[in-house]
Amino acid sequence: MKKYKIVVIGQGYVGLPLSLEFANHYSVLGFDINTQRVDQLNEGHDITLEADIEKLNKGLKKYNETNGDLGYRATSQLSDIKDSNIYIVTVPTPIDKYNAPDLGPLISASKMLGGVIKSGDIVIYESTVFPGCTEEECVPVLEKYSGLKYNEDFFVGYSPERINPGDKVNTLTSVKKVTSGSTEDIAEEVDALYKKIITAGTHKASSLKVAEASKAIENAQRDVNISFVNELALIFDRIGIDTNDVLEAAGTKYNFLKYKPGLVGGHCISVDPYYLAHKAEQLGYHPDVILSGRRVNDSIAKFIASKVVKLLIAKGGIIKDSEALILGVTFKENCPDVRNTKVVDIYSELKDYGINVDIYDPWASKEEVKHEYGIDILEALVEGKKYDSVIIAVSHNEFIKMDLEQVKNENAIVFDTKACLDRNLVDARL
Numbered sequence: 003m004k005k006y007k008i009v010v011i012g013q014g015y016v017g018l019p020l021s022l023e024f025a026n027h028y029s030v031l032g033f034d035i036n037t038q039r040v041d042q043l044n045e046g047h048d049i050t051l052e053a054d055i056e057k058l059n060k061g062l063k064k065y066n067e068t069n070g071d072l073g074y075r076a077t078s079q080l081s082d083i084k085d086s087n088i089y090i091v092t093v094p095t096p097i098d099k100y101n102a103p104d105l106g107p108l109i110s111a112s113k114m115l116g117g118v119i120k121s122g123d124i125v126i127y128e129s130t131v132f133p134g135c136t137e138e139e140c141v142p143v144l145e146k147y148s149g150l151k152y153n154e155d156f157f158v159g160y161s162p163e164r165i166n167p168g169d170k171v172n173t174l175t176s177v178k179k180v181t182s183g184s185t186e187d188i189a190e191e192v193d194a195l196y197k198k199i200i201t202a203g204t205h206k207a208s209s210l211k212v213a214e215a216s217k218a219i220e221n222a223q224r225d226v227n228i229s230f231v232n233e234l235a236l237i238f239d240r241i242g243i244d245t246n247d248v249l250e251a252a253g254t255k256y257n258f259l260k261y262k263p264g265l266v267g268g269h270c271i272s273v274d275p276y277y278l279a280h281k282a283e284q285l286g287y288h289p290d291v292i293l294s295g296r297r298v299n300d301s302i303a304k305f306i307a308s309k310v311v312k313l314l315i316a317k318g319g320i321i322k323d324s325e326a327l328i329l330g331v332t333f334k335e336n337c338p339d340v341r342n343t344k345v346v347d348i349y350s351e352l353k354d355y356g357i358n359v360d361i362y363d364p365w366a367s368k369e370e371v372k373h374e375y376g377i378d379i380l381e382a383l384v385e386g387k388k389y390d391s392v393i394i395a396v397s398h399n400e401f402i403k404m405d406l407e408q409v410k411n412e413n414a415i416v417f418d419t420k421a422c423l424d425r426n427l428v429d430a431r432l
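The following block contains the structure:
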């Protein structure tokens, strides 16, 4: 039996849970260039709140007790990972300001690995990419910086991540995992490796490209479905009927899919469709449906801001220098993830109207929001301060239970983007 020594590159929302599951069976090093993150993990702390802290501390203890033969340790030192034989890449694959794929982190990780991999090693990519990216973009980098030959000296796998931040039900091990390899034998080996930790089982795809495409279309499909109900919300607002009432009525039919309107942010649904569109356009095809869905979803923040302004005017309010409170800045409820959040677009739109805007979110890191978006959010609500408009942008449990009377003026506008509050408490909802 081959003795696996695993390195997981990137210790974020995807890499850390993966590392800890493998650490139950193998020696695992979690590599991250963020030394502060590495120190926190080795002390048993996880600011993403995705890791099972008991598993983290158990893995750290086991690594120390077995002198590294089993368990988990985090590191930022390249010298630590050179003796490993499985390298799993879980770095971010964002988009740039032009909505084009930004492969910078992926290529950097591949360059780094090119300097450490040896003959017989396997590099498995989990980062979301367009079909063909692993072999067309990553493999040449690995060959160049290692001096090794693809599918002769080293091999590659692709197994797209399916982590859903904040979801404690559909976790890593309980969701079926797609696997693939650069040869038939490697595909079998990669599949067997993941079967060791995925209790829901695996699906071995016929090629790397098929596995890559499967990830891209998972989120593109969801994005298009949400864009449809978002467009309905824009139409029904003009008609003067409540979108959620319509969806409840239509949902009584057995084959109606009850998607809800809302902001579409995060690291997957609002990003992955652009990767698929990028590949399609490289091949001379313009993906109308995918890109039209993206345009609709990207317009929702502007619609929410303009709706709030119209409601304020209708109540006789003054727009310039009025006070607005946005509740929530993470991209989804009950998790601290602020990656690609569209709440900041509402903030920017309201600021453009001359409105003073505060954001409060007990889940988000004040420092991370400042670093990523240049926005200062409140540490806590200012006692006694009342607002002319309140926008519930994220349905954190804290906001569902909140007494809005404590933060709103007498004629304040309350807009519920998540339809999470009693409709009698709000002026409008998406």
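Counted from 1, the sequence shown has number 391 at position 389 by this note's numbering; the numbering is strictly sequential. For each residue, glycine too, the CB sits at the ideal point set by N, CA and C. If you're wondering where the values come from, they're calculated on a predicted model, not measured in any experiment.
Complete runs of the alpha helix (DSSP H) confined to the region 3 to 32 [at least 4 residues]: 17 to 24, all fully within the region 3 to 32.
Residue interval of the beta strand (DSSP E) (run including L352): Premise fails: L352 lies in the alpha helix (DSSP H), 345 to 354, not in any beta strand (DSSP E).
Per DSSP, cross-strand counterpart(s) of S391: A326, I415.
Exposure label - F258; buried when at least 16 CB within 10 Å: Exposed: under 16 other Cβ atoms inside 10 Å.
Beta bridge counterpart(s) of I97 as assigned by DSSP: In the DSSP output, where bridge partners are listed per residue, I97 has P103.
Supposed close pair S112, C140 - CB separation, criterion 8 Å: Indeed they touch by this definition, with Cβ atoms about 5 Å apart.
Per-residue burial, T254 [other beta carbons within 10 Å of its own, 16 or more giving buried]: Answer is exposed; the Cβ neighbour count stays below 16.
Contacts around P107, its chain only, beta-carbon distance under 6 Å, and the 5 residues preceding and following it disregarded: Result list for P107: V93, P94, in chain order.
Helix, strand or coil at T92 [DSSP, three-state]: If DSSP states are grouped into helix, strand and coil, T92 belongs with coil.
Simplified DSSP state of G61, which is helix, strand or coil: If DSSP states are grouped into helix, strand and coil, G61 belongs with the helices.
Proximity of K170 and T204 at Cβ, strictly below 8 Å: Remark: C-beta atoms of K170 and T204 do not approach each other more closely than 8 Å.
Extent of the continuous beta strand (DSSP E) run through Y160: Where Y160 is concerned, the enclosing beta strand (DSSP E) stretches over 157 to 160.
Burial state of I361 (16 or more Cβ within 10 Å): By the 10 Å Cβ count, I361 comes out buried.
Spatial distance of P263 from L236 (CA atoms): Approximately 10 Å between the Cα atoms of the pair.
8 Å Cβ cutoff met for N153 and S182: The criterion of a C-beta distance shorter than 8 Å is not satisfied by N153 and S182.
Straight-line gap, K317 to N299 (C-alpha atoms, nearest Å): Near 28 Å, if we compare the C-alpha coordinates of N299 and K317.
Run of the alpha helix (DSSP H) containing D82, from where it starts to where it stops: Element bounds for D82: 80 to 83.
Between the CA atoms of E412 and K368 - distance to the nearest angstrom: The straight-line gap from Cα to Cα measures roughly 30 Å.
The ligand NAD heavy atom lying under 7 Å from the CB of T204: With respect to the ligand NAD, the structure offers nothing, as it holds no ligand at all.
Exposure label - D390; buried when at least 16 CB within 10 Å: Buried, because 16 or more other Cβ atoms sit within 10 Å of the Cβ of D390.
Exposure of N232, with buried meaning 16 or more beta-carbon neighbours within 10 Å: So N232 ends up on the buried side.
Spatially closest choice to K60 from Q79, A76, A25, I49, by CA coordinates: It is A25.
Between the CA atoms of Y196 and A189 - distance to the nearest angstrom: Between A189 and Y196, the C-alpha separation is close to 11 Å.
Euclidean distance between Cα positions of I292 and D274: It is roughly 10 Å from the alpha-carbon of I292 to the alpha-carbon of D274.
Inter-residue spacing [alpha-carbon to alpha-carbon] between A213 and L380: The alpha-carbon of A213 is positioned some 42 Å away from that of L380.
For V125, three-class secondary structure by DSSP: DSSP places V125 in strand when its eight states are reduced to three.
Nearest-angstrom Cβ-Cβ length linking Y127 and Y160, presumed shorter than 8 Å: At roughly 5 Å, the Cβ-Cβ gap stays under 8 Å, so Y127 and Y160 are in contact.
Spatially closest choice to T136 from L210, L58, K304, by CA coordinates: It is L210 whose Cα lies nearest to the Cα of T136.
Close Cβ partners of K304 (< 6 Å) along its chain, the five nearest in sequence each way excluded: E351.
Neighbourhood of Y65 by C-beta, 6 Å cutoff - its chain only, sequence neighbours within 5 removed: For Y65, the CB contacts under 6 Å within the same chain, skipping 5 residues up- and downstream, are G73, Y74, R75 in chain order.
8 Å Cβ cutoff met for I11 and I90: With respect to the 8 Å criterion, I11 and I90 are classified as neighbours on the basis of their beta carbons.
L380, DSSP secondary structure in three states: In the structure shown, L380 sits in a strand (DSSP, three-state: E or B).
Span separating the alpha-carbon of S81 from that of D34: Here the alpha carbons of D34 and S81 stand approximately 13 Å from one another.
Close-in-space but distant-in-sequence residues of the same chain around Q408 (CB under 7 Å, 5 per side omitted): In its chain, beyond the 5 residues on either side, no residue has a beta carbon closer than 7 Å to the beta carbon of Q408.
Per-residue burial, V384 [other beta carbons within 10 Å of its own, 16 or more giving buried]: When all chains shown are included, V384 counts as exposed.
Span separating the alpha-carbon of E138 from that of Y147: Y147 has its alpha-carbon roughly 15 Å from the corresponding atom of E138.
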